[in-house]
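Peer 1: Okay, here's the structure, questions in a sec.
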Ligand SMILES: C[S@@+](CC[C@H](N)C(=O)[O-])C[C@H]1O[C@@H](n2cnc3c(N)ncnc32)[C@H](O)[C@@H]1O
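Spelled out as structure tokens, the structure:
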């Protein structure tokens, strides 16, 4: 049996290539939150790992979600890898500081995508966005315009504003200081972004898989949200940083919500 590089009650991190490690694990995650190398730059580490979607697909039940971070270019280039998955929805998150350009012919890139994929019946997946708390109109009751007789079915003619709203697909985030200053990983995702996805696709206590764990953001998010997580990381330096982060992080040092 493969020994984890790091393990505690809620999280396990394995060192290795996810395509080699996944067949050795006896797991049935509720969801996968993946942040692969996008394969867009000339950097040696930025290579799309061919076959990773298939490797992940073999351990995920039909009712599991696959959330994958990426760019539009990445998803277009790699669309065949997602051929056995159906597109569900996308979330876009916006950074404070963008990347590039080195010349005048491209826009400064300030955003990244996360695409949500599924295979089985939508109704079998766990998918639930936590409603956002807003201050406006709390406690007021609004009446909708009168519906015509044929439109009445299933309509409410009034609703109570409980001060919450369904989250929207664009998340304006300010990166937490820990992301900007601690330099654990060049592609570390803000914890709040990862938390939103983990919360959406897993129930309390559910197991989430991150095949590209990096600095351990998904694993930590899962733990902070009362979920369990299995991560895999190829690079030992990053695995070590993730293990350190998981060993020392607590609700006060990293919690964002
Ligand atoms: C975009 S980064 C993930 C960053 C992570 N979400 C975070 O917040 O720190 C992708 C990671 O995947 C790792 N990686 C690349 N190929 C891999 C493979 N075949 N199996 C496992 N990990 C891999 C890289 O070393 C890198 O740390």
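Residue numbers (our numbering): 268 to 524.
We put the beta carbon where it would ideally sit given N, CA and C, even for glycine.
Which value, in whole angstroms, describes the spacing of the CA atoms of residue 507 and residue 430?
Peer 2: When rounded, the distance between both Cα atoms is 42 Å.
Peer 1: For residue 320 versus residue 276, is the C-beta distance shorter than 8 Å?
Peer 2: For residue 320 and residue 276, no; Cβs fall outside 8 Å.
Peer 1: Return yes when the C-beta of residue 452 is under 7 Å from any heavy atom of ligand 1, and no when it is not.
Peer 2: Yes, since a heavy atom of ligand 1 falls inside the 7 Å radius drawn around the Cβ of residue 452.
Peer 1: Does ligand 1 have even one heavy atom less than 7 Å from the beta-carbon of residue 312?
Peer 2: Yes, since a heavy atom of ligand 1 falls inside the 7 Å radius drawn around the Cβ of residue 312.
Peer 1: According to DSSP, what are the bridge partners of residue 499?
Peer 2: Partner(s): 281.
Peer 1: State buried or exposed for residue 312, treating a residue as buried only when at least 16 other CB atoms are found within 10 Å of its CB.
Peer 2: The residue is exposed, with fewer than 16 neighbouring Cβ atoms inside 10 Å.
Peer 1: Taking 7 Å as the cut-off, is the CB of residue 382 close to at least one heavy atom of ligand 1?
Peer 2: No, the beta carbon of residue 382 sits no closer than 7 Å to any heavy atom of ligand 1.
Peer 1: Among the candidates 379, 279, 469, 281, whose CA atom is the shortest distance from the CA of residue 392?
Peer 2: Of the listed residues, the one whose Cα sits closest to residue 392 is 469.
Peer 1: By Cβ distance below 6 Å, which residues in the same chain neighbour residue 328 in space, the five residues on each side in sequence not counted?
Peer 2: Counting only Cβ-Cβ distances below 6 Å, and skipping sequence neighbours, we find 295.
Peer 1: In the DSSP assignment, what residue or residues form a beta bridge with residue 337?
Peer 2: DSSP output for residue 337 lists 380 as bridge partner(s).
Peer 1: Quick check on DSSP: helix, strand or coil for residue 385?
Peer 2: DSSP places residue 385 in strand when its eight states are reduced to three.
Peer 1: Is it right to say residue 339 is buried, meaning 16 or more other beta carbons lie within 10 angstroms of its own, or is it exposed?
Peer 2: It counts as exposed.
Peer 1: Quick one: grab the DSSP three-state call for residue 477.
Peer 2: Here residue 477 sits in strand by DSSP.
Peer 1: Going along the chain, which residues of its own chain have a beta-carbon closer than 7 Å to the beta-carbon of residue 379, five neighbours each way excluded?
Peer 2: The residues are 336, 338, 360.
Peer 1: Taking 6 Å as the limit between beta carbons, can you name the residues of its chain near residue 341, skipping five residues before and five after?
Peer 2: Excluding sequence neighbours, residue 341 sits near 305.
Peer 1: Enumerate in chain order the residues of its own chain whose CB-to-CB distance from residue 530 is below 7 Å, with the five nearest sequence positions on each side excluded.
Peer 2: Residue 530 is absent from the structure shown; the chain starts at 268 and stops at 524.
Peer 1: Contact check, residue 492 vs residue 462 under 8 Å by CB: the rounded distance?
Peer 2: The Cβ separation is near 6 Å, so the contact holds.
Peer 1: Take residue 433 and list the residues in its own chain whose beta-carbon comes closer than 8 Å to its own, dropping the five residues that flank it on each side.
Peer 2: Cβ neighbours of residue 433 beyond the five flanking positions: 396, 398, 399.
Peer 1: Within 10 angstroms of the Cβ of residue 524, are there 16 or more other Cβ atoms? Answer buried if so, exposed if not.
Peer 2: Low confidence applies here, because residue 524 scores a pLDDT of 41, under 50, leaving its location unreliable and the question unanswered by this model.
Peer 1: Compute the Euclidean distance between the alpha carbons of residue 288 and residue 322, then round it to the nearest angstrom.
Peer 2: Whole-angstrom Cα-Cα distance: 9 Å.
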